[in-house]
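**Student:** Following this message is one structure expressed as structure tokens.
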Amino acid sequence: RDVIFLVEADEEAAQYNTTWLAQTHWSEMDAEFALNEGGWIIADDDGRVKYVSISTADKSSIAVLVTAKGTSTHSSMPRPDNPIFTLAKALTRLSTYEAPLQLTPETKQFLSVLAKTSAPPLSTYYQTLLTSHDTAAIAAADREISKDPLMHAIIRNTIAPVIVNGGFRSNVIPGSADVILNVRAIPGTDPKDVVADLEKVIADPNVSVRLANPSAGPSRANASPQDTELYKALARNAKATFPGAEVTPYLFQAGTDAGARRTRGVPVYGVY
């Protein structure tokens, strides 16, 4: 096969990223399948590789704007509706909120491998998430597993305040204050549902929650299949390189350039 080597400089947010390239130069980057960043090769304390994960899907990024309204006045005469305090209370509620567990088929496969390759009690916690119907046991296992930020991120939607804006002079209480939340969402999540959930958590009529991009919809990028020649080759060679290691698909905890191809039906596999 031909090999197409694509490098671009504006992955995160700038104009000339891979999405733009796909819109303007698709014929030059169209391929049978693609390799990208993602996945992990994890070894134990003795250096033996326990598993190789190949990312077949990414979480999506949703920007949510939360705005608190109040009365703008001189700071020498504060009122109860100071929007900065109101926003702080909203953020405090969000800081203790955990979105419910959402296990994709790929995540279930990944947890199954972790259950086989981890020592107790972690192995038991992974198995509990996969098979238990005991709400209390699942919650306890979730708490233990989620002590690892990576594991916490791939089993639910996550919320992170990233930019706070409020105030313009040192002696003036502003009329509004806002924060941009970066929500990393499990594939298939509807951004409008995210807004509705956050509104319920904040539960304050003086705080509005809206999408930074009102037209945002669920990601159209499907998980890349495991029956292609490339995935089979990656799995076969991983096992040959690391005898005894498990190979598993994996939901990447962040977004990557893969979306530009996956939304057009090109399988993309993430490896490190």
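What the sequence shown shows, in the working numbering, is residues 1469 to 1740, in sequence order. Think of the CB as a built atom: it goes at the ideal place given N, C-alpha and C, for glycine as much as any other residue. What you are looking at is a predicted structure, and each value in this text was computed from that prediction instead of being measured.
1. Can Leu1533 and Val1632 be called in contact, C-beta distance under 9 Å?
2. Note down, in chain order, each residue of its chain lying with its Cβ closer than 6 Å to the Cβ of Arg1726, except the 5 sequence neighbours on either side.
3. On a Cα-Cα basis, can you pick out the residue from Pro1682, Tyr1484, Asn1485 and Trp1508 that is closest to Leu1618?
4. Do Tyr1594 and Ile1622 count as a contact pair if the criterion is CB distance below 9 Å?
5. So which of Asn1674, Ile1510, Glu1476 and Thr1541 has the shortest CA-CA distance to Ser1638?
6. Give the straight-line distance between the Cα atoms of Glu1500 and Phe1473, rounded to the nearest whole angstrom.
7. Closest to Ser1719 by CA distance: which of Ala1691, Val1651 and Asn1681 is it?
8. Among Tyr1484, Val1471 and Met1497, which residue has its Cα nearest to the Cα of Arg1732?
9. Strictly under 9 Å for the Cβ-Cβ distance: is Gln1694 near chain B by that measure?
10. By the three-class DSSP mapping on this structure, what secondary structure does Asn1705 have?
11. Please tell me whether Gly1656 and Ser1687 are closer than 9 Å, where the distance is taken between their beta carbons.
12. My parser needs the alpha helix (DSSP H) runs of 4 or more residues fully inside the stretch 1599-1633; what are they?
13. Assign Val1471 to one of two classes, buried (16 or more other C-beta atoms within 10 Å of its C-beta) or exposed (fewer than that).
14. With DSSP as the reference, label Ser1654 as helix, strand or coil.
15. In terms of alpha-carbon separation, which member of Gln1694, Gly1685, Glu1714 and Glu1476 lies closest to Ala1653?
16. Pull up the distance between the alpha-carbon of Ala1502 and that of Thr1487, whole angstroms please.
17. Considering only their Cβ atoms, is the gap separating Pro1711 from Glu1574 smaller than 9 Å?
18. Are there three or more Cβ pairs, one per stretch, closer than 8 Å when the stretch 1535-1551 is compared with the stretch 1672-1683?
19. How would you label Phe1578, buried or exposed, when you count the other beta carbons within 10 angstroms and need 16 or more for buried?
20. If distances are taken between C-alpha atoms only, which option among Gln1491, Ala1607, Ser1544 and Thr1492 comes closest to Ile1641?
21. Which class does Lys1660 belong to by DSSP, given the choice of helix, strand or coil?
22. Determine the direct distance from the alpha carbon of Ala1477 to that of Glu1697, and round the result to whole angstroms.
23. Keeping to the same chain, check which residues put their C-beta closer than 6 Å to that of Ser1591; ignore five residues upstream and five downstream.
**Tutor:** In short, the structure shows the following:
1. For Leu1533 and Val1632, no; Cβs fall outside 9 Å.
2. Arg is not the amino acid found at residue 1726; the sequence shown has Ala there. Excluding sequence positions up to five before and after Ala1726, its CB lies within less than 6 Å of the CB of Asn1504, Asp1526 and Val1736, all in the same chain and listed in chain order.
3. Ranking Pro1682, Tyr1484, Asn1485 and Trp1508 by Cα distance to Leu1618 puts Trp1508 first.
4. Cβ atoms of Ile1622 and Tyr1594: not closer than 9 Å.
5. Ser1638 has its Cα closest to that of Thr1541, out of Asn1674, Ile1510, Glu1476 and Thr1541.
6. Between Glu1500 and Phe1473, the C-alpha separation is close to 14 Å.
7. The sequence shown places Leu at residue 1719, not Ser. Checked all of Ala1691, Val1651 and Asn1681; the closest Cα to Leu1719 is Ala1691.
8. Ranking the options by Cα distance to Arg1732, first place goes to Met1497.
9. Of the protein chains in the structure, only one exists, and it is not chain B.
10. Helix at Asn1705.
11. Contact: yes.
12. Entirely contained in the stretch 1599-1633, the alpha helix (DSSP H) runs reaching 4 residues are, in chain order, 1603-1613 and 1617-1622.
13. Val1471 should be labelled exposed.
14. The sequence as given places Ile at residue 1654; Ser does not occur at that position. Note: Ile1654 maps to coil in three-state DSSP.
15. When only C-alpha atoms are compared, the closest one is Gly1685.
16. Across the structure, Ala1502 and Thr1487 are spaced so that their CA atoms are roughly 15 Å apart.
17. No. Outside cutoff.
18. When Cβ pairs closer than 8 Å are counted between the two stretches, the stretch 1535-1551 is seen to touch the stretch 1672-1683, the count reaching three or more.
19. Result: buried.
20. Nearest of Gln1491, Ala1607, Ser1544 and Thr1492 to Ile1641, Cα basis: Ser1544.
21. DSSP places Lys1660 in helix when its eight states are reduced to three.
22. Distance between the alpha carbons of Glu1697 and Ala1477 is about 30 Å.
23. When the five nearest sequence neighbours on each side are left out, the beta carbons in the same chain lying within less than 6 Å of the beta carbon of Ser1591 are those of Ala1583, in order along the chain.
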